[in-house]
Structure formats: structure tokens, C-alpha cells
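K.L.:
Number of protein chains: 2
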Amino acid sequence: MSITVGYIAAFLTTAAFVPQAWYSWRTRDLSGISLPMYTMFTIGVGFWLFYGYLIGSVPVIFANLITFLLSSMVLGMKIQQIMALRFNR
Amino acid sequence: MSITVGYIAAFLTTAAFVPQAWYSWRTRDLSGISLPMYTMFTIGVGFWLFYGYLIGSVPVIFANLITFLLSSMVLGMKIQQIMALRFNR
Chain D
1 MSITVGYIAA FLTTAAFVPQ AWYSWRTRDL SGISLPMYTM FTIGVGFWLF
51 YGYLIGSVPV IFANLITFLL SSMVLGMKIQ QIMALRFNR
Chain Z
1 MSITVGYIAA FLTTAAFVPQ AWYSWRTRDL SGISLPMYTM FTIGVGFWLF
51 YGYLIGSVPV IFANLITFLL SSMVLGMKIQ QIMALRFNR
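Residue numbers (the UniProt record's numbering), protein chains in the order written: chain D, 1 to 89; chain Z, 1 to 89.
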């Protein structure tokens, strides 16, 4: 039972970043996105990735690799937007 | 070593939601926030909470309880904003 619950949880908290990455990409509206959040979260997911490697768990590595790519995408767009605003003044 | 890496990962991916919840609360700017993301993510964290209960892990319960509260806050503000827009037409 707990394994199933764990897989559902991992799927939802990983897949959740797909609509955000798509929404940010499509609308380029990142004003409501917190830069500190995505910075901390992306680094944190990087640590989960390293954790998965250390314990030799493919599901942990796989889920966090996807989350890492998606949250890095949002983070990259947010940084790009901040740079654009700063240098267009 | 892996335990330390896991705790750092858990701390970062949990604490990351504090600046987002604070930013959303302070600015009420949630236009860039994806409703499907926060809906899926909050439900997913709920499953992690249940998973922590099933395996009897206090750190998993504690970290996900905080994340659940913070992501629910952002989700609630986003829903509130959508309702306000819909009924103010």
C-alpha cells in the first residue's frame, strides 16, 4: 500500500511542474513567480537527485530529474525576465 | 552521508515555498501562477503526508505538512483571485 501511495505522490509532485513550465513558456508571465522559491526548490531537487544516486534508487532519480529540468526551465525564464527588465531601463 | 543529503533536500524543497507564499500574500500577484500546478502539487504533497504516516516517518510527515500548508495558501489565493475575476465582470 505505502509503495503505491509513494508512487502516486511522486507522480503528482513531479507532473505538477509540467503545467507551470508550459504556462510560463506560453504566457511569459512570470511576475507572480518567486525567484527565491525557484532557486531554493531547484537546488533542493538537485539534492534529491544526488540522494537518489547515493541510495541507488532509480525512481527517486527519475522523478527528480524531470522535476529538476522543469523547475530549471521556470527559473531560467524568471532570471531572463529580471535581466531583461534591468537592462531595458 | 545520504541521510544528510536527504535532510538538506527536504529542507530546501520545503522551505522554498515560504518565499512564494509570502510573495503571493504580499503582492497578490498570482497571474503567473499555474492553477493546475498548485492543484496537482498540493494533492501530491497530501499523498506524501499520507505516505509518511504509513511508513511512520516523522520527518516525512513534518516536512510535507509544512509544504502542504504553504502550497494550500498559494492555491487558495489563486482560486480566490480567479473567482473574483469571474464574478466582477
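Note that CB positions come from ideal geometry on N, CA and C, so glycine has one too.
With H, G and I counted as helix, E and B as strand and the rest as coil, what does DSSP make of Z:Ala-84?
P.N.:
Z:Ala-84: helix per DSSP, three-state reduction.
K.L.:
Hey, out of D:Ala-9, D:Thr-14, D:Ser-24, whose CA is closest to D:Met-77's CA?
P.N.:
Nearest C-alpha to D:Met-77: D:Ser-24.
K.L.:
Quick check on Z:Asn-64: buried or exposed, where buried means 16 or more other Cβ atoms within 10 Å of its Cβ?
P.N.:
The residue in question, Z:Asn-64, is buried, as its Cβ has 16 or more Cβ neighbours within 10 Å.
K.L.:
Which one of Z:Ile-55, Z:Gly-32, Z:Ser-34, Z:Phe-41 has the shortest CA to CA distance from Z:Thr-13?
P.N.:
The shortest Cα separation from Z:Thr-13 among Z:Ile-55, Z:Gly-32, Z:Ser-34, Z:Phe-41 belongs to Z:Phe-41.
K.L.:
Out of Z:Leu-35, Z:Thr-27, Z:Gln-20, point me to the one whose CA is closest to D:Leu-35's CA.
P.N.:
Checking every option, the nearest Cα to that of D:Leu-35 belongs to Z:Gln-20.
K.L.:
Please list, in chain order, all residues of the same chain as D:Ile-8 whose beta carbon is under 8 Å from its beta carbon, the five residues on each side excluded.
P.N.:
Same-chain partners within the cutoff: there are none.
K.L.:
Is the segment 66-86 of chain Z close to the segment 41-52 of chain Z, with three or more CB pairs under 8 Å?
P.N.:
These segments touch.
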